[in-house]
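Here the structure is laid out as structure tokens; the discussion comes afterwards.
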Amino acid sequence: MSFASPRAILRALLPGGDPSRLVDGADTAAARVAAFRRFVESVEARGGGEPVPEFPASAAGGWLNVRRPLTLSRDLRGKVVVLDFWTYCCVNCMHVLPDLARLERRHEGEALAVVGVHSAKFDNERDPDAVRNAVIRYDVSHPVVSDGEMALWRGLGVSSWPTQVVVSPSGRVLAVFTGEGHARDVEDLVSAALGVYGERGELDASPLPVALERERDPRLARSPLRYPGGVAVDGRGGRLFVSDSNNHRVVATDLGGRFLFEVGGNGPGLRDGGLAECALNRPQGLAYDAERDVLYVADTENHALRLVVLSSGAVTTLLGDGSRGGDYVGGRAGRAQRLNSPWDVAIGGDGRVFVAMAGSHQVWSYDPATGEGRAFAGDGYERNRNGASGAASSFAQPSGLAWAAAEGVLYVADSESSSVRSVRPDTGATRLRAGGDALIEDNLFQFGDQDGAGGRARLQHPLAVAALPGGQVLVADSYNHRLKVLDPATNAVTTVAGSGTPALRDGAGPAAALSEPGGLAVAPDGTAYVADTNNNAVRVLTGIASGRASLRTLELSGVPRPRVDPATAPPADAGGAAGRVPPGAEVVSAGPRARAAGARLSVTLRLPDGYHLTRGANSGVRAYRGDASAAARLSERRGTLTAELPVPGDGDPAGDEVQAVATVYYCRDEDVCLFKQVAFVVGVAPDGDATVALSYDIAAPQV
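Residue numbers (my numbering): 1264 to 1966.
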């Protein structure tokens, strides 16, 4: 099957065939929805799109978040349906989930149904209980069917994760959106379809038989932790730090498991402050710096690098502003430097902090001296390529990092290529150490469970690595539910704990059992601590050096439940700018605050080299504060766009935040015209600045 792309639809239906001919603000959204309405009407005039096959009978036992299996012909008849083809190993699929949650909130009570079609890549992902854990872990609230045989995937000709298919109330395909970043197109098409089919009297808004997995899984009450993703250890101070990911906090205990304090636990959010006041959003990897007594946190769903100063209890944001970035180069400092799903952190021998940037398939570095973050290794393409420099190398969702002082190299758990790689800190040169495919760099399906040396070893989606005192490297072979040791001298991999089947069981060697271990930390005495993610537990591995490794569960005592129940906490993007920011806009949180009365905003945007504003298009900035608004057009000089406008709602005590949405239409001569919206969020206070400068560099499109 072949389907028109959203851009092709808009080119065909908008005035002049040019998406950039749309005007600013609300008129833009209205024109786009009107264009999609014409598209839906044209599809129906031609007899409707391709029919969607019924959900396969083989998946009848794999339905989640519903009381019974659903059918297209009965339960979803009369609804506009979004089928989200995903697999839970895929970070790009995770990026789509918040978009779908916003879509569901906007159309709550309407005849819209979102259905996740889980189409497994790895063998482990065909386990219904593993998919159930993923649904709970990522707060998926819509129905999900586990299509382990990928019957619907093949029936619709889907070819990649993620893919969203929008289906008409009669069960026919309206459009297919491949990849992430289509939130605005999906929203506008859904709005248009609901309008068209509502006028035709073809909608049925009756609710589906939803029964959320997170509300009926008794395992969640047995532990104060919820899907812990990372650990770090302070050997000298006798402290253990656990990234309690789905409770949006970091828990500190002594090495015996007795509670000391927590960082965050206030529900998902990006907020600096003291230990009790700050907020995190599904943090994953941790790194403890003994020299400075600080903890680095990969705050994954805030797309930020955070710092906890343990002596004072202060939590600050080093990089990131809460929005996912599309930058593959970096070079900025603080909140101006956006990140893309940072998954782990490690401190190098020279004090640099390395960040596993899973979302952009790179390894980045942060320099504490300058405060800058930049790409260090990986060109951003998802593949397993080793090269003589960082720019000549590629990763596939790197998820775990470890600095090996004995060798002076950085180890990387490259999860989607099921391999362990190493990176030189001077050049960024990469080397395959174990697993993966040494010959075909685009083959991300070379996985399994087999000990051996180098390319003969087989791993399955490893998520963590840690350096052992003797120079060996411990590997969390996550989807094989095992812990393995890599010998750098021979690159031989040997299993030391885990049966290969998900369970919670203490013991030695294969008698022990884990369930998707996701984080590792090693104390100076060689004791390893494991974030056993799906078991909601911390495990302790001893005896590695002697060859008699034994695993036990750390008994936690005194760890409180989080202050905010994650099951009922509002989403991290709720409130604030959500009501004014268009779907798909980049959100930038400004540092300075504006004065409550008489303040102005000075906006500067820079276009990529070779681009200019689209002539005749209404590029401009509109600011919102409460019910008031103000607008200004963007002027251009040599690729730099500027506008100045007042903060609206002058003196209004109720408006403590202003959102300034810049809408930019830009082209390159005799080439494609592009569209970008950037939303600046600025706090307002009586003692704020009279003029707040806002700036943003529009990145060149990825070829």
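C-beta atoms are modelled at their ideal positions from N, C-alpha and C, and glycine is treated no differently.
Because the structure is a prediction, the values reported are computed rather than measured.
May I have a chain-ordered list of the beta strand (DSSP E) segments no shorter than 3 residues that lie completely inside the region 1593 to 1640? Here the runs fully enclosed are 1593 to 1596, 1605 to 1610, 1616 to 1620, 1625 to 1630, 1635 to 1640.
So the alpha helix (DSSP H) Ser1454 belongs to, where does it begin and stop? 1446 to 1462
Find the nearest neighbour of Val1572 within the set Gly1536, Tyr1591, Val1592, Gly1585, judged by alpha-carbon distance. Gly1536
Helix, strand or coil: how does DSSP classify Phe1302 here? helix
Where the alpha helix (DSSP H) through His1358 begins and ends: 1354 to 1369
Go ahead and pull the three-state DSSP assignment for Pro1909. strand
By how many angstroms is the C-alpha of Gly1594 removed from the C-alpha of Arg1637? 5 angstroms
Less than 8 angstroms between the C-beta atoms of Gln1547 and Gly1492, yes or no? yes
Mind checking whether Leu1375 and Lys1342 have CB atoms under 8 angstroms apart? yes
Neighbourhood of Cys1541 by C-beta, 7 angstroms cutoff - its chain only, sequence neighbours within 5 removed: Val1526, Gly1527, Arg1534, Asp1535, Val1578
Secondary structure of Val1822, DSSP reduced to three states: coil
For the pair the region 1742 to 1753 and the region 1710 to 1718, tell me if three or more CB-CB distances fall below 8 angstroms. Segments in contact, yes.
What's the call for Glu1334, buried or exposed, on a 16-neighbour Cβ count within 10 Å? The sequence given here has Thr at residue 1334, not Glu. It is exposed - the Cβ of Thr1334 has fewer than 16 other Cβ atoms within 10 Å.
Could you give the distance in angstroms between the alpha-carbon of Arg1586 and the alpha-carbon of Leu1568? Looking at the sequence provided, one finds Ser at residue 1586 rather than Arg. Straight-line Cα distance between these residues: approximately 12 angstroms.
Local Cβ density within 10 Å of Ala1289, reported as buried at 16 or more and exposed below that: Note that Ala1289 has pLDDT 45, beneath the 50 cutoff, so the model's placement of it is unreliable and no number is given.
Evaluate Leu1817 with the Cβ neighbour count: other Cβ atoms within 10 Å of its Cβ, from every protein chain shown; 16 or more gives buried, anything less gives exposed. Residue environment: Leu1817 is assigned as buried (16 or more neighbouring CB atoms within 10 Å of its CB, all protein chains considered).
Nearest-angstrom Cα distance between Thr1563 and Asp1448? A direct Cα-Cα distance of roughly 25 angstroms separates Thr1563 from Asp1448.
Please classify Asp1689 as buried or exposed, where buried requires at least 16 neighbouring CB atoms within 10 angstroms. Asp1689 is exposed by the Cβ-count criterion.
Go ahead and pull the three-state DSSP assignment for Arg1721. strand
Output the distance between the C-alpha atoms of Pro1964 and Phe1658, rounded to the nearest integer angstrom. 20 angstroms
Using the Cβ count rule (16 or more neighbours within 10 Å means buried), how would you classify Gly1842? Note that Gly1842 scores 44 on pLDDT, short of 50, meaning its location in the model is unreliable; the coordinates nonetheless yield the value given after this. Flag for Gly1842 reads exposed.
May I have a chain-ordered list of the beta strand (DSSP E) segments no shorter than 3 residues that lie completely inside the region 1496 to 1544? 1502 to 1507, 1512 to 1517, 1522 to 1527
How long is the line joining the alpha carbons of Thr1790 and Leu1523, rounded to whole angstroms? 20 angstroms
Excluding the 5 residues preceding and the 5 following Ser1685 in the sequence, name in chain order all residues of the same chain whose CB lies nearer than 6 angstroms to its CB. Val1672, Tyr1674, Arg1694, Arg1696
Do the region 1466 to 1474 and the region 1311 to 1326 touch if we need at least three Cβ pairs shorter than 8 angstroms? no
Residues of its chain near Arg1888, where Cβ-Cβ distance is below 6 angstroms and the 5 sequence neighbours each way are ignored: Pro1911, Gly1912, Gly1918, Val1921
Is the CB-CB distance between Val1728 and Leu1783 below 8 angstroms? yes
So Leu1488 packs on Asp1507, CB below 8 angstroms; how close in whole Å? 5 angstroms
Taking the C-alpha atoms as reference points, what is the distance between Glu1478 and Ala1953? Those two C-alpha atoms are separated by around 49 angstroms.
Status (buried if at least 16 other CB within 10 Å, exposed otherwise) for Pro1949: exposed
For Ala1800, the three-state DSSP class (helix, strand or coil): Reduced to three states, the DSSP call for Ala1800 is strand.
Cβ contact check for the region 1342 to 1359 and the region 1424 to 1431: 3 or more pairs under 8 angstroms: The region 1342 to 1359, when compared against the region 1424 to 1431, does touch it at the 8 angstroms Cβ threshold.
Ala1654 CB to nearest chain C CB: under 8 angstroms? You won't find chain C in this structure, because it holds only one protein chain.
Are the beta-carbon atoms of Val1866 and Ala1923 separated by less than 8 angstroms? Yes, the pair counts as a contact, with Cβ atoms nearer than the cut-off.
Pair within 8 angstroms by beta-carbon distance, Phe1318 and Val1408: yes
Alpha helix (DSSP H) segment containing Gly1418, residue limits: 1414 to 1419
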